[in-house]
Amino acid sequence: MAYATDGTIGPNVGLTHTTAQFPVGTRVTGNNGTVFVYCSAAAAIGQYRTVSITSAWAATQITPANAALAITVGIAQVACAASSYFWCAIDGAGLYALIDGTADINPGALLAPGGLDSGLLALNTISTQQIVAGIRTVTTISGTTATSEVVLNHPHVLLGTEIQQA
């Protein structure tokens, strides 16, 4: 589990809160180069789910419908109830994400927002006009839904023409 190391007093990135303990949008630096941002949960979010974060720092599980609205993409390292607050991972190593696929997913596979429980699908399993860039799987994932260690490097959504230019 990642933890805050930047000297900011109070943050425990493994906790959720029913009332805001920090201003939403607050960032803290943690071990393994991690960066967490304090978000409000617009709906219940499961542990290791990939989320779309709006300019108001509201997080919801990423879907094809809300991906284009994301100012950033993060991964909830803890489960969070609707209308609660939590620290969402947006950068670094030693983090985990739940990913869906129909076959083995190898390290570095391209990922896309999906409509399934995990939020992310391996791109080879669907046809999409969206890619979630900046999330790199570290381990091979076997099965239809599995947790993988990931590295986050400024995750964001690429849309249609951006994909063709990349």
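Just so we're aligned, residue 188 is where the sequence shown starts under the numbering used here, counting upward by one. Every residue, glycine too, gets a C-beta built ideally from N, C-alpha and C.
- Between which two residues does the beta strand (DSSP E) harbouring T325 extend? As a working mapping, residue 325 is identified with position 138 in the sequence shown. In the sequence as displayed, the identity of residue 325 is Val instead of Thr. No beta strand (DSSP E) holds V325; DSSP gives it neither H nor E.
- Query: What's the C-alpha gap between L297 and T205?
  - Reply: Within the sequence shown, the letter at position 110 stands for residue 297. Within the sequence shown, the letter at position 18 stands for residue 205. Between L297 and T205, the C-alpha separation is close to 35 Å.
- Query: By Cβ distance below 7 Å, which residues in the same chain neighbour V325 in space, the five residues on each side in sequence not counted?
  - Reply: Mapped onto the sequence shown, residue 325 falls at position 138. So the list reads P294, S335, E336, V337, V338, once near-sequence residues are dropped.
- Message: Give me the residue from R214, G281, L345 with the minimum Cα distance to G321.
- Response: For the purposes of this step, residue 321 is taken as the residue at position 134 of the sequence shown. Ranked by Cα distance from G321, the options R214, G281, L345 are led by L345.
- Task: Can you tell me which of the three DSSP states L256 falls into?
- Result: Position 69 of the sequence shown, counted from the first residue, corresponds to residue 256. Assignment of L256 by DSSP, reduced to helix, strand and coil, places it in the helix class.
- Distance between N218 and Y272 (C-alpha atoms, nearest Å): Translated into the one-based positions of the sequence shown, residue 272 becomes position 85. Translated into the one-based positions of the sequence shown, residue 218 becomes position 31. Using only the alpha carbons, I get a separation of about 21 Å.
- Message: Could you give the first and the last residue of the continuous beta strand (DSSP E) run that contains A243?
- Response: What you label residue 243 is simply residue 56 of the sequence shown in a count that begins at 1. Run containing A243: none; DSSP gives neither H nor E here.
- Span separating the alpha-carbon of P342 from that of L308: What you label residue 342 is simply residue 155 of the sequence shown in a count that begins at 1. What you label residue 308 is simply residue 121 of the sequence shown in a count that begins at 1. A straight line joining the alpha-carbon of P342 with that of L308 spans about 15 Å.
- Message: Restricting to Cα atoms, I'd like to know which of T247, A280, A299, R214 is closest to G220.
- Response: Within the sequence shown, numbered from 1, the residue matching residue 220 stands at position 33. Closest option to G220, Cα to Cα, is A280.
- Exposed or buried, A284, counting other C-beta atoms within 10 Å across all chains shown (16 or more means buried)? Within the sequence shown, the letter at position 97 stands for residue 284. So A284 counts as buried.
- Message: Would Q248 and G212 be called neighbours here (beta carbons separated by less than 8 Å)?
- Response: Translated into positions along the sequence shown, residue 248 becomes position 61. Translated into positions along the sequence shown, residue 212 becomes position 25. Q248 is not a Cβ neighbour of G212, given a cutoff of 8 Å.
- Item | Local Cβ density within 10 Å of P198, reported as buried at 16 or more and exposed below that | As a position in the sequence shown, residue 198 is number 11, starting the count at 1. P198 comes out buried.
- Using a threshold of 8 Å, state whether the C-beta atoms of V238 and A231 are closer than that. Sequence index remark: in the sequence shown, residue 238 carries index 51 (1-based). Sequence index remark: in the sequence shown, residue 231 carries index 44 (1-based). No.
- Query: Should Q317 go down as buried or exposed, given a rule of 16 or more other Cβ atoms within 10 Å for buried?
  - Reply: Along the sequence shown, read from residue 1 onward, the residue named residue 317 stands at position 130. Looking at its Cβ environment, which holds 16 or more other Cβ atoms inside 10 Å, Q317 is buried.
- Report yes if the CB atom of C275 is closer than 8 Å to the CB atom of A266, and no otherwise. Counted from its first residue, the sequence shown places residue 275 at position 88. Counted from its first residue, the sequence shown places residue 266 at position 79. Between C275 and A266, the CB-CB gap reaches or exceeds 8 Å.
- Taking the Cβ atom as the reference point for each residue, do A229 and A268 lie within a distance shorter than 8 Å? Position 42 of the sequence shown, counting from 1, holds the residue named residue 229. Position 81 of the sequence shown, counting from 1, holds the residue named residue 268. Not in contact: A229 and A268 (Cβ atoms no closer than 8 Å).
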